[in-house]
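In this note's numbering, the protein residues as written are -17 to 259. Note that CB positions come from ideal geometry on N, CA and C, so glycine has one too. If you're wondering where the values come from, they're calculated on a predicted model, not measured in any experiment.
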């Protein structure tokens, strides 16, 4: 190769390098490829039933809009919220508003509710009795150990006149707020995800509907008592303040609130999950 040809090759290589650097705009190759395709991936942690099932139902339509869903099944609500705050997750979908408010308060987080999607009526289940009137004196009752759902469970028993609660407050009930307990029920705090398994050891348990559905209970048929559809515990999509207005999140919100999703919820869960939009 002559010196002239060698110089031309070197110059050409330099020009290509400069052009490549300019086209990258400081982004990685993967980021540029993503931009060209116009695709965004949202990593979302959700309860398996019904939350993840709803997300899986809308995933094909969202992908047509350039948004892919990476769905991770949640097993620990507090950890999931922390991961969302730490940007390991883009959003989560498993909890209701009072639970989020309590976690934000206790953990110093600033997560936000961007959409109320559905209500899952809270119920009491048993493998040992067929009606709530059959509760024996001194029966052990499993209820969620987190403060919000603990209070929610006590309210459910009070609504069925099984216990009475103090009139000096309207929420955040604890054992000390029980003013009447004629059956001497023993309420035992249990982690939400294992409440179904607790039914082998207690006479009844108050269980969130998503866990009841995972255990193949039919809430409207199997629950000894169950909340009405006017429950304030609406399940929500949760993000951070910094990404709540992102285009991909807004597309997800729109996809979750279509008539198609409403019909899916009504048909798939037969009243055990109620649309809230």
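(message) Just list the residues that DSSP pairs residue 189 with in beta bridges.
(response) Along the chain shown, one-based indexing puts residue 189 at 207. According to DSSP, which records beta bridges pairwise, residue 189 is partnered with 105.
(request) Please classify residue 128: does DSSP put it in a helix, a strand, or coil? (result) The residue labelled residue 128 in the question sits at position 146 within the chain shown. Reduced to three states, the DSSP call for residue 128 is coil.
(request) With residue 217 as the anchor, note down where its beta strand (DSSP E) starts and where it stops. (result) In the chain shown, the residue the question calls residue 217 occupies position 235. Residues 216 to 221.
(message) So, at 8 Å on beta carbons, what are the nonlocal neighbours of residue 247 in its own chain, with the 5 sequence-adjacent residues on each side left out?
(response) Residue mapping note: residue 247 aligns to position 265 of the chain shown, counting from 1. Counting only Cβ-Cβ distances below 8 Å, and skipping sequence neighbours, we find 32, 36, 100, 255, 256, 257.
(message) At the level of alpha carbons, what is the spacing between residue 95 and residue 228?
(response) Counted from its first residue, the chain shown places residue 95 at position 113. Counted from its first residue, the chain shown places residue 228 at position 246. Straight-line Cα distance between these residues: approximately 14 Å.
(request) Give the straight-line distance between the Cα atoms of residue 12 and residue 51, rounded to the nearest whole angstrom. (result) In the chain shown, residue 12 corresponds to position 30, counting from 1. In the chain shown, residue 51 corresponds to position 69, counting from 1. Bear in mind that the predicted position of residue 12 carries a pLDDT of just 30, short of 50, making it unreliable; the figure below should be weighed with that in mind. Distance between the alpha carbons of residue 12 and residue 51: 18 Å.
(message) Which of the three DSSP states is assigned to residue 243 in this structure?
(response) Walking along the chain shown from the start, residue 243 turns up at place 261. DSSP places residue 243 in helix when its eight states are reduced to three.
(message) Quick check on the burial criterion: 16 or more other C-beta atoms within 10 angstroms. Buried or exposed for residue 59?
(response) Taking the first residue of the chain shown as 1, we reach residue 59 at position 77. Buried, by the Cβ-count rule.
(request) Please determine, among 72, 187, 251, the residue with the shortest C-alpha to C-alpha distance to residue 26. (result) Residue mapping note: residue 26 aligns to position 44 of the chain shown, counting from 1. Checked all of 72, 187, 251; the closest Cα to residue 26 is 72.
(message) I need the DSSP call for residue 168, collapsed to helix, strand or coil.
(response) Mapped onto the chain shown, residue 168 falls at position 186. Reduced to three states, the DSSP call for residue 168 is strand.
(request) For residue 56, I'd like the list of residues in its chain whose CB is within less than 7 Å of its CB, leaving aside the five on either flank, ordered along the chain. (result) What you label residue 56 is simply residue 74 of the chain shown in a count that begins at 1. Within the same chain, residue 56 has close Cβ partners 27, 28, 29, 62, 74, 76.
(message) Contact defined as beta carbons within less than 8 Å: I believe residue 104 pairs with residue 191. What is the distance between those atoms, to the nearest angstrom?
(response) The count along the chain shown starts at 1 and reaches residue 104 at position 122. The count along the chain shown starts at 1 and reaches residue 191 at position 209. Confirmed, about 7 Å.
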